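Take a look at the structure below.
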Amino acid sequence: MSIDLILFLSIALIAVATAVSMLASRNAVYSALFLVLNFLAVAALYLLLNAAFIAIVQVTVYAGAIMVLFLFVIMLLGTEEEQIDGRSKWQMPVALAMGVTLAAELAYVLLSGAGEWGGSFARVGEEFGSPASIGRILFSEYLIPFEITSVLLLVAMVGAIVLTLKRKRESQ
Amino acid sequence: MNIPASYVLTLSAVLFALGILGVLIRRNAIVIFMSIELMLNAANLAFIAFARSFGPATEGLRGHVFVFFVIAVAAAEVAVGLTLIVSIFRSRQSIDVDDVSSLRG
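Here it is in structure tokens:
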């Protein structure tokens with residue numbers, strides 16, 4: 001067993017374990033914290049895959065900003081606990097069956113196509129995935145999509161404000 | 001990293017299936033939202049794995065750029081989605097998705 005494989009397997013174990021505990025924990029705050037751990041494990045995987053810039057973006061944007069927003073809303077609404085009563089009996093088994101079916105399909109696709117992408121990763125230089133190389137391609141070839149993203153974020157911001165303002169106007 | 005690319009893709013598939021499972025079994029709207037984030041993250045992992053296995057040319061970096069855009073769109077989606085959840089909570093005092101069924105025919 002090479003050191004790479006051991007490293008990958010331990011990170012993968014952390015990622016899957018935190019994802020499962022996120023689904024299993026009744027308290028939404030615990031779910032959010034487990035999801036943060038999951039994002040950090042995936043960020044470590046990005047680092048192993050020579051994606052330094054994406055790893056940092058993952059930590060700051062996903063594990064930082066987005067999860068803080070989630071925790072904020074959970075604590076603002078005070079709906080941490082999910083009540084179990086009144087839950088339809090067939091929901092859990094049907095959901096489990098569908099999830100397992102999907103996982104089996106994905107496994108089949110991956111294993112049947114293993115010849116095509118089962119090989120090792122290509123050798124890449126130091127430059128690959130660095131902020132400088134991403135920035136170069138982002139600001140030349142993908143300049144217009146990049147600018148459109150800024151408009152999208154502006155629209156989301158305005159949308160979030162408008163959705164909260166509307167309630168205030170109605171209540172007056 | 002000196003392991004087969006299919007290992008990383010398998011991990012991505014497992015995380016995606018767990019995300020689907022979360023959407024199906026949980027009823028708390030916020031936890032469902034977090035499961036959707038988990039699925040987006042699994043897709044990003046597959047993008048990064050493919051970017052790495054298609055090599056050092058700029059072809060590979062396109063995968064990274066795509067992940068960058070996915071993260072930006074996810075941020076926008078979370079901002080709007082959480083606002084929707086807050087306004088649903090204000091009108092119904094609950095974010096249980098089974099309670100929000102007024103569109104049911």
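Protein chains in written order, with the working numbering: chain A, 1 to 172; chain R, 1 to 105.
By construction, the Cβ of each residue, glycine as well, lies at the ideal position given by its N, Cα and C atoms.
Please read these numbers as outputs of a predicted model, since none were measured by experiment.
Closer than 9 Å, CB to CB, is residue i near chain R or not?
i	result
Val42(A)	yes
Val59(A)	no
Ser10(A)	no
Leu143(A)	no
Ala103(A)	yes
Ala132(A)	no
Leu37(A)	no
Ile56(A)	no
Since residue i and residue j are thought to touch, with beta carbons under 8 Å apart, how far apart are those beta carbons, to the nearest angstrom?
i	j	result
Val59(A)	Ala15(A)	No, Val59(A) and Ala15(A) are not in contact; Cβ-Cβ is about 14 Å, not under 8 Å.
Ile30(R)	Ala28(A)	6 Å
Following the continuous alpha helix (DSSP H) through residue i, name the residue where it begins and the one where it ends.
i	result
Thr18(A)	Ile3 to Ala24
Asn38(A)	Ala28 to Leu48
Ile36(R)	Ala29 to Ser53
Leu15(R)	Ala5 to Ile25
Ile137(A)	Pro131 to Leu138
Ser106(R)	Outside the shown range of chain R, which is 1 to 105, sits residue 106(R), and nothing can be said about it.
Ala51(A)	That residue, Ala51(A), is in no alpha helix (DSSP H); it is neither H nor E in DSSP.
I'd like to know whether the C-beta atoms of residue i and residue j end up nearer to each other than 9 Å.
i	j	result
Val73(A)	Val86(R)	yes
Leu35(A)	Met34(R)	yes
Ile137(A)	Phe53(A)	no
Phe139(A)	Phe146(A)	yes
Ala46(R)	Ala160(A)	no
Asp4(A)	Asn2(R)	yes
Ala32(A)	Met1(A)	no
Leu24(R)	Ala19(A)	no
Ala5(R)	Phe50(R)	yes
Leu110(R)	Leu45(A)	Shown here, chain R extends from 1 to 105; a query on residue 110(R) therefore has no answer.
Are the C-beta of residue i and some C-beta of chain A separated by less than 9 Å?
i	result
Arg52(R)	yes
Ser102(R)	no
Could you please tell me which residues of the stretch 61–74 of chain R, in chain order, have their CB closer than 8 Å to any CB of chain A?
Listed by position along the chain: Leu61, Arg62, His64, Val65, Val67, Phe68, Phe69, Ile71, Ala72, Val73 and Ala74.
Members of the stretch 25–47 of chain R near chain A, C-beta cut-off 8 Å:
Listed in sequence order: Ile25, Arg26, Arg27, Asn28, Ile30, Val31, Phe33, Met34, Ser35, Glu37, Leu38, Asn41, Asn44 and Leu45.
What residues in the stretch 15–26 of chain A have a beta carbon less than 8 Å from any beta carbon of chain R?
When C-beta distances to chain R are compared with 8 Å, the residues of the stretch 15–26 of chain A below that value are Ala15, Val16, Ala19, Val20, Met22 and Leu23, in chain order.
At a Cβ cut of 9 Å, what residues of the stretch 82–93 of chain R count as close to chain A, listed as they run along the chain?
Near chain A, meaning a CB-to-CB distance below 9 Å, the residues of the stretch 82–93 of chain R are Leu82, Thr83, Leu84, Ile85, Val86, Ser87, Phe89, Arg90 and Ser91.
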